[in-house]
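Let me begin by presenting the structure, written as structure tokens, before commenting on it.
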Amino acid sequence: MPRRILDGQPGWLDNSRTRKSRMTYGGGRTVSLGRWTSFAWTSMVLFVAAAALPIAAEAQQAPAGPPRPITPPTANQFSRQPAPPQPPFAPQSAEIQQFLDRVLLAWEDRSSKIKTYRATFQRFEYDSIFGPKDTYKTYSEGVIQYATPDKGMFRVDSSQKFTPAAKPGEKPSYVDQGESARQHWICDGTAVIEMNYSKKEMIRRELPAEMQGQSIADGPLPFLFGAKADKIKSRYWVRLVTPEGVTNEFHIEAWPKTQEDAANFKFAVVILDRQEFLPSGLVVYDVNFRPGQNHSRTSFRFDKREVNSNDLLSRLNLFHREFFEPALPSGWKKIDDKYGAPPAEQQRVAGPAYGPQRQ
1 MPRRILDGQP
11 GWLDNSRTRK
21 SRMTYGGGRT
31 VSLGRWTSFA
41 WTSMVLFVAA
51 AALPIAAEAQ
61 QAPAGPPRPI
71 TPPTANQFSR
81 QPAPPQPPFA
91 PQSAEIQQFL
101 DRVLLAWEDR
111 SSKIKTYRAT
121 FQRFEYDSIF
131 GPKDTYKTYS
141 EGVIQYATPD
151 KGMFRVDSSQ
161 KFTPAAKPGE
171 KPSYVDQGES
181 ARQHWICDGT
191 AVIEMNYSKK
201 EMIRRELPAE
211 MQGQSIADGP
221 LPFLFGAKAD
231 KIKSRYWVRL
241 VTPEGVTNEF
251 HIEAWPKTQE
261 DAANFKFAVV
271 ILDRQEFLPS
281 GLVVYDVNFR
291 PGQNHSRTSF
301 RFDKREVNSN
311 DLLSRLNLFH
321 REFFEPALPS
331 GWKKIDDKYG
341 APPAEQQRVA
351 GPAYGPQRQ
């Protein structure tokens, strides 16, 4: 269980509150970024959206809804739409921009040396529609794993859901959701395999030939694996938003430039460990996120990070077995599908779909 289970926000990050931010340079000198308020955030986003970002404007006007899942790119998404003409925030000084460029290049250099990666994670999901107003709806723990260039594994081992107090005077609690809430995805380079515990289905979606063997960094969030400075800057407007007083991390905010990425999330904040230059946290804001109105977002904290490990698991090849297709559990059904195709019953009515269907 997280330490601050009912006080509204994991203590290691809160990008939705009023705060003062600054950049800390190598010699200890700082550049103030000013005080942020919810009003300023909302005004800035609305102004730029109205002037230059039709997609962002549509997201602001859309009815509020539950957080949208981040989905892998479909084959037609590799031809991305042109970027809108300007970023959704005021430009930072040339000095800060140069410092950001150095941070991104150092991150790229560190990422280029990663052959295998494994970490445990804590996930906090906030839902303004179906969850509590002042804290997260679900808390989960799991493991994420990667091997260059195209193998990945994401597994949620346990999940707890916010449950309101049953009687006046009692406290709300988080209730374990059991095995049906587990999540497990594997990419072996040729297919994406989903273990659907609630339906007891193993779904194997074969990737089209043009997507097989491609780097996972070409996916919707190239922040965790194989980060390249030029690729990040071509797909996102980025700026430094490190909070004042934080000296062991760099906080990088990224806003999508393309319609494909903007359909997945409004913006994200990557938290880089200053010593390791590896992400220690990631916050993905829902497309309907509005400071003070809609707090829907998903926060990750990454712990026990292992890079190019030579431990017993690696020597026994157990690490790489995580990327193999699992044995079909007793009583489960296996479904072979094509990546991006809708279920058969939907094909008769809805026509082609864009991306895999979430069960």
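The numbers in the sequence shown follow this note's numbering, run straight up by one, and end at 359.
Glycine is no exception: its CB is placed at the ideal position from the N, C-alpha and C atoms.
All values reported here derive from a predicted model rather than from experimental measurement.
request  = Tell me, please, whether the region 291-301 touches the region 97-108 by the rule of three or more beta-carbon pairs shorter than 8 Å.
outcome  = No, the region 291-301 does not touch the region 97-108.
ask   = When you compare each of T116, F300, E125 to Y146 by their alpha carbons, which one comes out closest?
value = It is T116.
key: CA-to-CA distance, I232 to R110, given in whole angstroms   = Taken atom to atom, the span from the alpha-carbon of R110 to that of I232 is near 15 Å.
request  = Would you mind listing the alpha helix (DSSP H) stretches within the region 178-261 that are 4+ residues and don't spill past its ends, in chain order?
outcome  = Counting only runs of 4+ residues, the alpha helix (DSSP H) found wholly inside the region 178-261 occupies 229-235, in chain order.
inquiry  = Using 8 Å as the cut-off, can you tell me whether the region 233-242 makes contact with the region 251-259, which would need three or more C-beta pairs spanning the two stretches below that distance?
reply    = Short answer: they touch.
task = Buried or exposed for D150, please, with buried defined as at least 16 other CB atoms from any protein chain shown within 10 angstroms of its CB.
result = With 16 or more other Cβ atoms within 10 Å, it is buried.
request  = Below 8 Å on the Cβ atoms is my guess for V192 versus Y339; work out the distance and round it to an integer in Å.
outcome  = Confirmed, Cβ separation roughly 6 Å.
request  = Return yes when the Cβ of R123 is within less than 9 Å of the Cβ of V143, no when it is not.
outcome  = Between V143 and R123, the gap from beta carbon to beta carbon reaches 9 Å or more.
query = Which value, in whole angstroms, describes the spacing of the CA atoms of G169 and A229?
reply = Cα to Cα, G169 sits roughly 52 Å from A229.
Alpha-carbon spacing of P208 relative to E260, whole angstroms = Spanning the two alpha carbons is a distance of roughly 18 Å.
request  = Please report the Cβ distance between N248 and I114, rounded to the nearest whole angstrom; I am assuming they are in contact, meaning their Cβ atoms lie under 8 Å.
outcome  = About 20 Å; that fails the 8 Å criterion.
query = Are there 16 or more other CB atoms within 10 angstroms of the CB of Q160, so buried, or fewer, so exposed?
reply = In this structure Q160 is buried. Its beta-carbon is surrounded by 16 or more other beta-carbon atoms within 10 angstroms.
request  = Verify whether the separation of the beta carbon atoms of E201 and K334 is less than 9 Å.
outcome  = In contact: E201 and K334 (Cβ atoms closer than 9 Å).
query = Do F324 and D188 have their CB atoms nearer than 9 Å?
reply = Yes, these two residues count as a Cβ contact at 9 Å.
inquiry  = Bridge partners for E141 per DSSP, in chain order?
reply    = DSSP, once it has assigned bridges, lists Q122, S158 as partnering E141.
query = For the beta strand (DSSP E) that E306 lies in, which residues bound it at each end?
reply = Annotation: the continuous beta strand (DSSP E) that includes E306 extends over 297-307.
query = Under a three-way DSSP split, which group does S112 fall into?
reply = Three-state DSSP puts S112 in a helix.
ask   = For the putative contact between A263 and L282, defined by C-beta atoms under 8 Å, what is the C-beta separation to the nearest angstrom?
value = At roughly 19 Å, the Cβ-Cβ gap does not stay under 8 Å, so A263 and L282 are not in contact.
query = Do the region 120-140 and the region 297-304 make contact, defined as three or more Cβ pairs closer than 8 Å?
reply = Yes: at least three Cβ pairs fall under 8 Å.
query = Which term fits I129, buried or exposed, when burial requires 16 or more other beta carbons within 10 angstroms of its beta carbon?
reply = The residue in question, I129, is exposed, as its Cβ has fewer than 16 Cβ neighbours within 10 Å.
Rounded C-alpha distance that separates T148 from G213 = Here the alpha carbon of T148 sits roughly 10 Å from the alpha carbon of G213.
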